[in-house]
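J.: Residue numbers (the UniProt record's numbering): 1 to 276.
Positions of the beta carbon are idealized from the N, C-alpha and C atoms, including for glycine.
Laid out in structure tokens, this is it:
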């Protein structure tokens, strides 16, 4: 059989609706920038929890009308159904703190201060195909080990628990309804790509339940995703929820994640701490 017919980005949305979406994104993005400036110039301004909540929510901008049709089994399928892009979930100050924390983790990993299976910086085994990886909650084995262990969650591996700063990020994603309350992440993987590094097209392991970029539905199970060779250093933080039947044998659900409510909201701007 020949390769499937590909219809590149055929949209079901008419032009007027597309224009409205673009205008709304620009407006929301501008509000985000203006409020971010306001945040930096009003450190002493006291706001109620409800006021902070409303200000943060106004920064958000979501796009989920991605369409790319491919003919699969003689039927046109939107392979991007389930793909969502959320803008403004974290402000610039929060992003800087997250990035700095990750660099601190990288230094601790190189100094062998993290768990045996938490940090890995493998030697380059294929031109451009390399990345530094930090895993919390579980260790995912990407290749067949010498002892015959297949790719998947390493059930006997010991890794460090999810740090406080990433718990706060997960809480933000849940309380802002980026992720449903039924999908509280219990593992985290950080990939750092140096210039020239890449990862080929792939579909993530089904050891993780299908659910800032949300991959769900066809967007995660049908369409492959990749990272082309990057021109500058890039950091990717991925939160996942493990299949209960495939969790590590010594896994314990973090008590911080057991009482999250989607209607709750906590301001994280003063809550970031590096726990060593």
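1. Report all residues from its chain with a CB closer than 7 Å to the CB of residue 162; omit the five preceding and five following residues, and keep chain order.
2. Can residue 170 and residue 90 be called in contact, C-beta distance under 7 Å?
3. What does DSSP give as the partner residues of residue 152 in its beta bridges?
4. Assuming residue 68 and residue 80 form a contact by the criterion Cβ under 8 Å, report the distance between their Cβ atoms to the nearest whole angstrom.
5. Quick check on the DSSP output: the alpha helix (DSSP H) that includes residue 108 runs from which residue to which?
6. So who's on the other strand from residue 77, going by DSSP bridges?
7. Taking only the alpha-carbon atoms, compute the straight-line gap between residue 154 and residue 243 and give it to the nearest angstrom.
8. Could you compute how far the alpha carbon of residue 97 sits from the alpha carbon of residue 105?
9. Are the beta-carbon atoms of residue 115 and residue 77 separated by less than 7 Å?
10. Assuming residue 186 and residue 241 form a contact by the criterion Cβ under 8 Å, report the distance between their Cβ atoms to the nearest whole angstrom.
11. Helix, strand or coil for residue 185, going by three-state DSSP, please let me know.
12. Using the Cα positions of residue 305 and residue 113, report the straight-line distance between them to the nearest angstrom.
13. Mark residue 93 as exposed unless 16 or more other C-beta atoms lie within 10 angstroms of its C-beta, in which case mark it buried.
14. So, with DSSP's three-state summary, where would you put residue 257?
15. Around the C-beta of residue 99, are 16 or more other C-beta atoms found within 10 angstroms, so that it is buried, or is it exposed?
16. Hey, how far is the Cα of residue 164 from the Cα of residue 175?
17. Measure the CB-CB distance between residue 193 and residue 131 and report whether it falls below 7 Å.
18. Check this for me: beta carbons of residue 83 and residue 66, under 7 Å apart or not?
T.: Reading it off the structure:
1. 136, 137, 188, 254
2. no
3. 141
4. 5 Å
5. 92 to 110
6. 70
7. 13 Å
8. 12 Å
9. no
10. 6 Å
11. Residue 185 falls in the coil class under three-state DSSP.
12. As shown, the chain starts at 1 and ends at 276. That puts residue 305 outside it, with no answer to give.
13. exposed
14. helix
15. exposed
16. Taking the straight line from one Cα to the other gives about 16 Å.
17. yes
18. A contact, by the Cβ cut-off of 7 Å.
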